[in-house]
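Q: Below is a structure I'd like to ask you about.
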Amino acid sequence: MSSTQKSVRPVLLAVLEYGEVPELLRVAESAQAALQAPIIFMFVKRGYRRLAEDTGTVINKGFRWMDANGILHDLAAPQEMPPPEATVNASTAVSDTTNIPIHPSRRNAFGKLMAALAFPWFAILAIVSACRVSVRAIARDTANLVRDVKRFRARYLQLSKIISELRPRLLIVGQDSPGNELSFLLIAAGRIGVPRLITPFAMFSIHETAEYACAQCAYHVNAGAMNRLAAFIFPHWVLRYRNTDLLRLPGYRAIALEISGLIQGMPWSPLSEPAEAVIANAVVAAEALIELGSSANSLHVIGSPIQDRLANHMAERSAIRHHLCHEYGMDPAKPLIVCGWPVNMFSWLAERRIAYADYAAVARTWATILAEVRDRHDVNIIVSVHPKTLPRETAAAIAAGLPCRYADADELIAVCDLFTTLNGSSITAWAISCGIPVVLFDCFLTRYPDFLNVAGCISVETESAFSETLHMLCADRTKRDALAELQRKESARWGQLDGKAGARLAELIQNLSEKTAE
């Protein structure tokens, strides 16, 4: 590092999951433009997937990166062996207002003392009623609690040391789920006066988080003595969903976080860890966050850099469509249908029964219907693939001759005539903000409510309804245009496509950096 760089305090952007990198890169560019400060990306998760690719992208942008141990690097990480199949991440949270969690209570010294004093009594009662909880389960959960307390404290102290030595002008993160490194970083930064900015990039649904908890017995309040203790001492960890009392995390982990003092937000509410500013990219997002407990004082409805990209793509619609059609050998005069390829949600289903036995059956259904629509109505179809999708999960689309694109979903959505995907996909908000009509096929029966009342979105739950709706809209431009007109009436609430979100973000970053403690 040069002497000039040493004298300028950097901006630190912390990454937990690889899907956050594209959006955080755009935020980093705004931060650099605003502050003329060095940019450092910290990959806080050990075993981070796609480390070589993502650090390479960071380096190519002219930034540096830091590994999970706080070591700075000027070169990309080396390529590793292909990672194992991804597992479902339970940290995504929230926007529906049903069953809103209650505010934290007993989060104080008395509450921690109660947890310590009450647990032996719960253990005794559980032993007496051995028909419900075994001694072995109590011993296991107690060992897990002790392990997590040690692990959380050790990781927090390590991250606290890193951020204290780096002393950045600003800490930027994309999420704050309880019990992970980003939350620990936010707490550590706050304790030394480093301003914190949370820039979420996903739509949130409490249904999604609750569905995952429902699918995991370890998250049920009645699963054991430790879970019941957590629910009794810290009732803000409990959410009632589908007539079941659920914890946000297993009881031993919830208690470990509380007695360690390493959670300050509300477990079931999004972006509730203390931060000087939280960006809401749309009015709808801000309203949902406030209703679920986020502080209105810290929310800033300024849009997001991706919305500037959407606005630019729409302005260059004709040129981009010609480029895409040339790339895939298509006729640019034909309607363009973009499909957000369905992700594999079978791990989240729990006991819910759907019409498909496995993901392969889901993929075949989507591919078959899309291919039929393409062939019957002579339309162009491009499949946009989520970065977490495994290669084998797109096999049905490829076999049906559907071109798959693994990047720049925003470009596809901004210039298409119709967008279709699963109900609950966060990029649906991009389509709405662009005034693009949407068909949501809820084949996993999630029934997420976020888009159900949007006039320009049609939601269906059956294969036949999905096929019928797509055929109708692809066959009749008048109906497609009418749906697009309805969508445009909603669009302003779902995004600010004035091309100035980056400038607003830069101004906010500048204002926050001025609060940095000396």
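Residue 2 is where the sequence shown starts when you use the numbering used here, and the numbers rise one by one after that.
Using N, Cα and C, we set each Cβ at its ideal position, and we do this for glycine too.
Here the structure is a predicted model, which means the values were calculated and not measured.
1. Just to confirm, is the Cβ distance from L272 to I510 under 8 Å?
2. Once you ignore the five residues that flank T98 on each side, which residues in its own chain have a CB closer than 6 Å to its CB?
3. Leaving aside the five residues before and after G345 along the sequence, list all residues of the same chain whose C-beta is less than 7 Å from its C-beta, in chain order.
4. Here's the rule: buried if 16 or more other CB atoms are within 10 angstroms of the residue's CB, otherwise exposed. What is Y329?
5. Taking DSSP's pairing of strands, which residues face H301 in a bridge?
6. What does the alpha-carbon distance come out to for the pair I433 and A408?
7. Closest to L413 by C-alpha separation, out of L187, R318 and A203, would be which residue?
8. Quick one: residues in its chain with C-beta nearer than 6 Å to the C-beta of A87, no 5 flanking neighbours on either side, listed in chain order?
9. Please classify V147: is it buried, with 16 or more other beta-carbons within 10 angstroms of its beta-carbon, or exposed?
10. Could you work out which residue in I355, C326 and G294 is closest to R448 when comparing CA atoms only?
11. Using 10 angstroms around the beta-carbon of S165, count the other beta-carbons present and answer buried if the total reaches 16, otherwise exposed.
12. So for W66, helix, strand or coil by DSSP?
13. State the DSSP-derived secondary structure class of C340, mapped to helix, strand or coil.
14. Do G175 and G304 count as a contact pair if the criterion is CB distance below 8 Å?
15. For L76, which residues of its own chain have a beta-carbon under 7 Å away from its beta-carbon, when the five flanking residues on both sides are left out?
16. For L230, which of helix, strand or coil comes out of DSSP?
17. Tell me the rounded alpha-carbon separation between W431 and N424.
18. Just to confirm my understanding: we take D418, look at its own chain, exclude 5 residues before and 5 after, and list those with CB closer than 6 Å. What are they?
19. For A364, which residues from the same chain have a beta carbon less than 6 Å from its beta carbon, with the 5 sequence-adjacent residues on both sides left out?
20. In the DSSP assignment, what are the bridge partners of H74?
21. Measure the Cβ-Cβ separation of A278 and L290 and say whether it is below 8 Å.
22. For V416, which of L325, H301, A15 and Y157 has the nearest alpha-carbon?
23. Just to confirm the assignment: which complete beta strand (DSSP E) runs, minimum length 3, are found wholly within the segment 7 to 31?
24. Counting along the chain, where does the alpha helix (DSSP H) carrying S468 start and finish?
25. Nearest to R241 by CA position, among N223, I256 and L258, is which residue?
26. Could you tell me which residues DSSP puts in a beta bridge with I41?
27. What three-state label does DSSP hand F123 in the structure shown?
28. If we count Cβ pairs, one from each stretch, closer than 8 Å, do we get three or more for the segment 140 to 159 versus the segment 202 to 222?
29. From what residue to what residue does the beta strand (DSSP E) around V455 run?
30. Which same chain residues end up closer than 6 Å to I459 when comparing Cβ atoms and leaving out the 5 residues on each side of it in sequence?
31. Roughly how many angstroms lie between the CA atoms of S427 and I40, to the nearest whole one?
32. Should Q37 be labelled buried (16 or more other beta-carbon atoms within 10 Å of its own) or exposed?
33. Tell me, to the nearest whole angstrom, how far the beta carbon of R406 is from that of I383; I am working on the premise that it is less than 8 Å.
34. Using a threshold of 8 Å, state whether the C-beta atoms of E81 and A53 are closer than that.
35. Beta-carbon within less than 6 Å of F420's beta-carbon, same chain only, minus the 5 sequence neighbours each way: which residues are those?
36. On the criterion of 16 or more Cβ atoms from any shown chain inside 10 Å, does P179 qualify as buried, or is it exposed?
A: Reading off the structure:
1. no
2. In this prediction, T98 scores a pLDDT of 42, lower than 50, which makes its location untrustworthy; the coordinate-derived value is nonetheless stated afterwards. Once the five neighbours on either side are set aside, the close Cβ partners of T98 are E292.
3. The sequence shown places Asn at residue 345, not Gly. For N345, where only same-chain residues beyond five positions count, the Cβ hits under 7 Å are Y360 and E394.
4. Under a 10 Å Cβ-count criterion, Y329 is classified as exposed, with fewer than 16 other Cβ atoms of the shown protein chains found around its own Cβ.
5. I280
6. 20 Å
7. R318
8. Caution is warranted here: a pLDDT of 42 is assigned to A87, below 50, making its placement in the model unreliable, and the coordinate value is therefore given only provisionally. K389.
9. exposed
10. I355
11. exposed
12. strand
13. strand
14. no
15. I60
16. helix
17. 14 Å
18. P336 and L337
19. A397
20. W66
21. no
22. L325
23. 12 to 16
24. E464 to A476
25. N223
26. L13 and R65
27. The DSSP-derived three-state label of F123 is helix.
28. Judged by Cβ distances under 8 Å, the segment 140 to 159 makes no contact with the segment 202 to 222, as fewer than three pairs qualify.
29. Looking at the DSSP string, V455 is not in any beta strand (DSSP E), and its letter there is neither H nor E.
30. V440 and T470
31. 27 Å
32. Counting the other CB atoms within 10 Å of its CB gives Q37 a total below 16, which places it among the exposed residues.
33. 6 Å
34. yes
35. V339, I414, A432, I437 and V439
36. With 16 or more other Cβ atoms within 10 Å, it is buried.
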